[in-house]
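One structure below.
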Amino acid sequence: MGSDIRVATNQAPPLVGHNIVTGDASLVEAVTRHADAGVVDDLAPIGALAGTAEAREHGMLANEFHPRLTPYDRYGHRIDEVEFHPSWHWLMDRAVSQGLAAAAWESDEPHAHVRRAAGFMAWSHTEPGHGCPVSMTYAAVPALRADDAIAKEWTPLLASLRYDPGVRLASEKLGALAGMGMTEKQGGSDVRANVTEARRTSVEGEYTLHGHKWFTSAPMNDVFLVLAQAPGGVTCFVVPRVLPDGSRNRLDVVRLKDKLGNRSNASSELEFDGTVARRLGDEGRGVRTIIEMVAATRLDCVLGSTSLMRRAVNEATWHAGHRSAFGGLLIEKPLMQNVLADLAVEAEAATALAIRLAAAVDGLQDPHEAALRRIALPLSKFWVCKRTPALVAEALECLGGNGYVEESGLPLLYREAPLNSVWEGSGNVNALDVLRALGREPEVLDAWITEVGRARGGDARLDRAVEDTLALIGSLLGEPTSLEVNARRLAMRMALCLQGSLLVRYAPAAVADVFCASRLGTAYDGVFGTLDGGDLRAIVERATPVV
474 MGSDIRVATN QAPPLVGHNI VTGDASLVEA VTRHADAGVV DDLAPIGALA GTAEAREHGM
534 LANEFHPRLT PYDRYGHRID EVEFHPSWHW LMDRAVSQGL AAAAWESDEP HAHVRRAAGF
594 MAWSHTEPGH GCPVSMTYAA VPALRADDAI AKEWTPLLAS LRYDPGVRLA SEKLGALAGM
654 GMTEKQGGSD VRANVTEARR TSVEGEYTLH GHKWFTSAPM NDVFLVLAQA PGGVTCFVVP
714 RVLPDGSRNR LDVVRLKDKL GNRSNASSEL EFDGTVARRL GDEGRGVRTI IEMVAATRLD
774 CVLGSTSLMR RAVNEATWHA GHRSAFGGLL IEKPLMQNVL ADLAVEAEAA TALAIRLAAA
834 VDGLQDPHEA ALRRIALPLS KFWVCKRTPA LVAEALECLG GNGYVEESGL PLLYREAPLN
894 SVWEGSGNVN ALDVLRALGR EPEVLDAWIT EVGRARGGDA RLDRAVEDTL ALIGSLLGEP
954 TSLEVNARRL AMRMALCLQG SLLVRYAPAA VADVFCASRL GTAYDGVFGT LDGGDLRAIV
1014 ERATPVV
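Residues in the sequence shown are numbered consecutively from 474, following the numbering used here.
Shown next as structure tokens:
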């Protein structure tokens, strides 16, 4: 009998109905390790919601129907408003109400940032673009603390669990969102080349801004931290969307960027012409003032990239577990197992490192944790974000032609994958920041040595890698001419040793063994699916979603 061509067979069912939190063994173990099981229980509801068909649909719709800019209203009044699809607001509302914005900074819980990091990673499975305003809101709070009065004014709103969109006075809102404007068209990452001018007014601490910003995401947010040239040098300013008298501040949205990915999120070019701003911190200390915001957004770049990895691995293992070819399930084929296990190990290493970074934020009062965060953030941002595009591309290939079709969700992930390596300092900027930290802050190298040393004796390959990396550091610091050209190599080695230390100490033996044999050995060429030995089946089973 012939088959009914209207009925599809040998196709994987939709990956829905799984819990993004409790179904991720590496995430559960990392959260429990650095916090406690109660945090996992607390996050289970958002993990369940993130794994629903409803959440998946909202994520797809928010990317299909892009934000639209309306510069003027029907009467010709300049309004500069951006309209989002209802699915964007659905996603934002859940993210804010779950405390993924700035609530962690106001929490009395000892592990608030670990909880927030795990929740951010899980909820980002739904759609990564709306994570940008959520992340900037989280990151604004430590920078605002440079001025007690400004911090007291804005922090309660930014830490609110209420999503309250719209252009209104902050005093009339139940919650607020923050953004940032640093780069300009002529300078990019070199913010000291900014030309936007800040002119003092007759009011103490008040200025007007005159110039532009080349890249400001989420222009509908309520307040922005902006860098500009004051008489005393580059300075940080707080720019509200609405002024105290209820009028709109002069933030002209020139256009929205037509980006490769991240299309649900509105990224804009802004122009200032008499825009009212309040100074945050001292004149000439703008970079130092805003650096705390950059540090927090870099953490979220690591979290977001790790989420993309895990989502891609979930899709690949799920498909391979339901698709038959050449006489059996793909997931049982030795070569496919090799690829899937390699992807899973990469995602697990990223997860362990990401949650360790969040734990360092919880422990910033400890000098070791503060120093570790200083060095581990740029090297993790460099390495984890750099690995994500290759992993997502390989995961897409596991689905074959199905993975190249928009409905699978993999093209969305693929377009998103390079972004976190670009934002908050490109790969080169972060690699150079590693060198800067090593050269100026000797305590950061001590913190890295202490952290990786906690696994000493656990795996000989890791021990050798640490010794080789220390030798590399010593040789480069003594040779300034070769220091910068080797910055990426050094950041990579330091990140891999840190990941290896965490896996040797805490991951299942099968995962740690494969990681050390491949990433810390001499034969690994960076191509996924070239592992030599190890319990690959166990690794794949650990990474496969359970519905």
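Using N, Cα and C, we set each Cβ at its ideal position, and we do this for glycine too.
Just so you know, these numbers come straight off a predicted model, no measurement behind them.
Per DSSP, the unbroken alpha helix (DSSP H) holding ARG961 starts and ends at 960–979.
Around the Cβ of ILE1012, a 10 Å sphere holds 16 or more other Cβ atoms; the residue is buried. The Cβ atoms of LEU1004 and ASN875 do not sit closer than 7 Å to each other.
Apart from the 5 residues on each side of it in sequence, GLU924 sits with its Cβ closer than 7 Å to the Cβ of LEU845, LEU971 and SER974 in its chain, given in chain order. Contact check for SER740 against SER690 passes: the beta carbons are separated by less than 7 Å. Contact check for LEU781 against THR861 passes: the beta carbons are separated by less than 7 Å. Counting along the chain, TRP687 sits inside the beta strand (DSSP E) bounded by residues 679–690. Annotation for SER570: LEU634 place their beta carbon closer than 6 Å to its own, counting only its chain and skipping 5 residues before and after. Annotation for LEU743: GLY654, HIS685, LYS686, THR689, PRO692, LEU724, ASP725, VAL726 and VAL727 place their beta carbon closer than 8 Å to its own, counting only its chain and skipping 5 residues before and after. In the three-state scheme derived from DSSP, where H, G and I count as helix and E and B as strand, MET653 is classed as strand. Under DSSP, PRO713 shares a beta bridge with VAL696.
The straight-line gap separating the alpha-carbon atoms of PRO487 and ASP815 is approximately 24 Å. In the three-state scheme derived from DSSP, where H, G and I count as helix and E and B as strand, PRO840 is classed as helix. Checking the DSSP bridge columns, you'll see ARG551 partnered with TYR545. Measuring C-alpha to C-alpha distances from ALA817 to each of PRO1018, LEU573 and PHE593 identifies PRO1018 as the nearest. Contact between the stretch 705–720 and the stretch 867–881 is not established, with fewer than three Cβ pairs separated by less than 8 Å. Of ASN735, GLY754, LEU956 and ALA649, the smallest CA-CA separation from ALA701 is found for GLY754.
For ALA595, DSSP assigns no beta-bridge partner whatsoever. By the Cβ rule, the stretch 557–566 does not count as touching the stretch 580–594, because fewer than three pairs are nearer than 8 Å. Between LEU935 and VAL977, the C-beta gap is smaller than 7 Å, which places the two residues in contact.
A direct Cα-Cα distance of roughly 45 Å separates ALA526 from ASN667. Contact annotation, ALA750 with ALA671: C-beta distance approximately 7 Å; criterion of less than 8 Å satisfied.
Note on geometry: alpha-carbon atoms of ILE764 and VAL939 lie some 29 Å from one another.
Note that the C-beta distance between LYS854 and VAL984 is not below 7 Å. Non-local C-beta neighbours of ASP515 in its own chain, meaning closer than 7 Å and more than five positions away in sequence, comprise ARG588, ordered along the chain. In the DSSP assignment, PHE988 falls within the alpha helix (DSSP H) that extends over 982–992.
In the structure shown, GLY639 falls within a coil segment according to DSSP collapsed to helix, strand and coil. One Cα belongs to ALA968, the other to VAL707, and the distance between them is close to 32 Å. Within a 10 Å sphere around the beta-carbon of GLU880 sit fewer than 16 other beta-carbons, which makes this residue exposed. About 7 Å separates the CB atoms of SER778 and ALA823; that is less than 8 Å, so the two are in contact.
Within 10 angstroms of the beta-carbon of LYS859 lie 16 or more other beta-carbons, which makes it buried.
TYR680 is classed as buried because its beta carbon has at least 16 other beta carbons within 10 Å across all chains shown. In the three-state scheme derived from DSSP, where H, G and I count as helix and E and B as strand, SER720 is classed as coil. Approximately 4 Å separates the beta-carbon atoms of LEU630 and ALA649; this is inside 8 Å, confirming the contact. In this structure, GLU842 sits away from ALA831, with a CB-CB distance that is not shorter than 7 Å.
According to DSSP, residue pairing for SER740 in a beta bridge involves SER690.
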